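**Q** Take the position in the sequence shown, starting the count at 1, then add 461; the result is the number in the working numbering.
Even for Gly, the Cβ is constructed at its ideal location relative to N, Cα and C.
Quantities reported herein were computed from a predicted structural model and do not represent experimental measurements.
Here it is, the structure in full.
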Amino acid sequence: MKNKIQILFLILILTSCNAQNRIAKKNDIYQTPINQSQYDVIPISDIKEIFKIVINLPELQYLHLKQFPERLPLKILEFGDINANSLKGITKFGKPIKVVTKAEIVSNQIKDYLGVGDWSPVNGTLRLQLYYPIEGITINCMFKKEDKKWSLTDSMIIEK
462 MKNKIQILFL
472 ILILTSCNAQ
482 NRIAKKNDIY
492 QTPINQSQYD
502 VIPISDIKEI
512 FKIVINLPEL
522 QYLHLKQFPE
532 RLPLKILEFG
542 DINANSLKGI
552 TKFGKPIKVV
562 TKAEIVSNQI
572 KDYLGVGDWS
582 PVNGTLRLQL
592 YYPIEGITIN
602 CMFKKEDKKW
612 SLTDSMIIEK
């Protein structure tokens, strides 16, 4: 009797997992199998360092020319640990950056902000993807941490 219950329980679990996979595939959701312990936790000081590098990429300097004073200060959409606390003290074009929430973006119809599409720190590397809706661009960056310092190893800007 105990074996029958165990077999039924196993069938129930397998059926449930298979149903979840079918739903994910039907909705074009493909999950990368990665153990949560593989993700690195990045301290606030490192988040600041990474964002200073990104917002100073030479390819992005045209985004806030003097002809667009309404785009100042640079706005960054809050995303988990990327928030007002972790970005405090960062300036761009002589002004402190402003971290905005999704609610502020919607209620104020803000379109000139940098949003984070992906933040994947794994084993001393970081894949960071940002988007800037007002210009229709996506910025893909790869970072590597060596000797306690982050460096940009690759970046690409994609325009729509």
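Given a cut-off of 8 Å on the beta-carbon distance, is the pair Ile571 and Glu565 in contact?
**A** For Ile571 and Glu565, yes; Cβs fall inside 8 Å.
**Q** Taking the alpha carbon of Ile619 as the reference point, which residue from Lys610, Tyr592, Glu531 and Arg588 has its own alpha carbon closest?
**A** Per the Cα distances, Tyr592.
**Q** Please name the residue, chosen from Lys513, Leu587, Asn601 and Thr599, that lies closest to Lys549 on a Cα-to-Cα basis.
**A** Answer by Cα proximity: Lys513.
**Q** Give me the residue from Gly541, Trp611 and Leu535 with the minimum Cα distance to Asp453.
**A** Here the chain has residues from 462 to 621 only, and residue 453 is not among them.
**Q** With DSSP as the reference, identify every bridge partner of Val624, one or two as the case may be.
**A** No statement about residue 624 is possible, as the shown extent of the chain runs from 462 to 621 and does not include it.
**Q** Alpha carbon to alpha carbon, how far is Gly576 from Cys602? Give it in angstroms, no decimals.
**A** Answer to the nearest angstrom: the Cα atoms are 13 Å apart.
**Q** Which residues in the same chain have their Cβ closer than 6 Å to the Cβ of Asp615, if we skip the five residues on either side of it in sequence?
**A** So the list reads Met603, once near-sequence residues are dropped.
**Q** For Phe604, which beta-bridge partners are listed by DSSP?
**A** Answer by DSSP bridge pairing, in chain order: Leu587 and Leu613.
**Q** The alpha helix (DSSP H) with Gly506 in it runs from where to where?
**A** The identity of residue 506 in the sequence shown is Ser, whereas the question assumes Gly. Unbroken alpha helix (DSSP H) run through Ser506: Ile505 to Ile516.
**Q** How about Thr562 and Glu531: are their beta carbons less than 8 Å apart?
**A** Not closer than 8 Å, so no.
**Q** To the nearest whole angstrom, what separates the beta carbons of Ile516 and Lys553, a pair I think is in contact under 8 Å?
**A** Confirmed, Cβ separation roughly 5 Å.
**Q** Counting only the same chain and skipping the five closest in sequence on each side, list residues whose C-beta sits under 6 Å from that of Gln590.
**A** The residues are Gly578, Asp579 and Asn601.
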